[in-house]
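Taking my numbering, the leading residue of the sequence shown gets 362, the next gets one more, and so forth. Step one of this worksheet: look at the structure below.
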Amino acid sequence: MSDINIRRDEGVLSLEINRTGKRNAVDLPMFDVLARELANANADDAVRAVLLCGAGNGFCAGHDLKAFEQWPQSPDDPVPRFLHALAALRKPLVIAVQGWAVGIGATSLLHADWVVAAPDASLRFPFLDLGIAPEAGSSLLLARAVGLLRARRLLLGAEPIDGQTAHAWGLVTELRPADQLRAAAIDRAGKLANKSPSMFKRVKDWLALDTDLHARIDEEIEAINVAVLERRKAGEGNA
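Now the structure itself:
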């Protein structure tokens with residue numbers, strides 16, 4: 362069974378992270394699938410909206426730490442391709458968040474057009490605790506979303522916040538109880554799918570403003586590459 366469940370229904374492409382035994386942590390094959398599906402969706406007129414969600418009790422626990430053994434990543438590798446596909450998506454993107462949203466599970470929200478979350482969801486940006494740079498352009502986008510002081514708290518302090526706080530800070534669009542979450546996200550994706558595709562893309566471009574977003578994503582990836590290589594070298598020196 363695939364770790365990414367893919368479904369198409371009435372113009373909505375649903376991508377469900379389904380690796381519950383690993384808290385929905387994303388490994389490189391999963392990044393590869395997600396990158397391909399997002400890129401294809403962007404070019405497919407039949408796809409009118411995208412829903413990203415997680416199976417079980419949590420949305421996504423971030424990058425599978427074991428996958429860092431396969432870093433550094435070049436531009437054609439799965440993680441950079443996914444991050445750029447996420448940033449380039451001009452179709453409506455709805456994300457449903459229950460339980461934990463850690464690492465890429467949290468930074469991906471910065472690219473969503475609508476985030477539906479449970480009040481007790483837990484969001485965390487743990488990058489500095491792991492000794493790596495943040496990703497998905499979050500070093501650029503997070504301060505815009507929540508303000509500089511709160512962005513420092515989230516990125517430098519790596520402190521978790523719950524869904525209620527994330528909603529108050531502007532990271533979450535809508536709060537729903539966990540048992541209503543998926544239905545609400547599906548409903549919202551359907552409503553956004555009925556918008557004019559060309560006008561939605563134009564307004565999304567106007568709202569984005571960040572012409573240097575992709576360059577920032579590349580800078581973050583390179584910083585992670587350097588951190589991983591330095592850690593590996595230090596480990597070999599201590600062996």
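We put the beta carbon where it would ideally sit given N, CA and C, even for glycine.
Bridge partners of residue 424 according to DSSP: 387.
Residue 523 sits away from residue 584, with the two beta carbons spaced by 8 Å or more. Among the bridge pairs identified by DSSP, residue 581 is matched with none.
Scanning its chain for C-beta atoms nearer than 8 Å, with the 5 sequence neighbours on each side dropped, one finds around residue 410 the residues 372, 373, 374, 452, 453, 454, 455, 550, 551, 553 and 554, in chain order. By the criterion of a C-beta distance shorter than 6 Å, residue 525 is surrounded in its chain by 480, once the five residues flanking it on both sides are discounted. Exposed is the label assigned to residue 435, since fewer than 16 other Cβ atoms lie within 10 Å of its Cβ.
Separation of the CB atoms of residue 365 and residue 391 is rounded to 6 Å, and the pair is thereby assigned contact status at 8 Å. With contacts defined by Cβ atoms closer than 8 Å, residue 447 and residue 506 do not form a contacting pair. In the same chain as residue 444, and ignoring 5 residues on each side of it, the C-beta atoms closer than 6 Å to its own belong to 497 and 578, in chain order.
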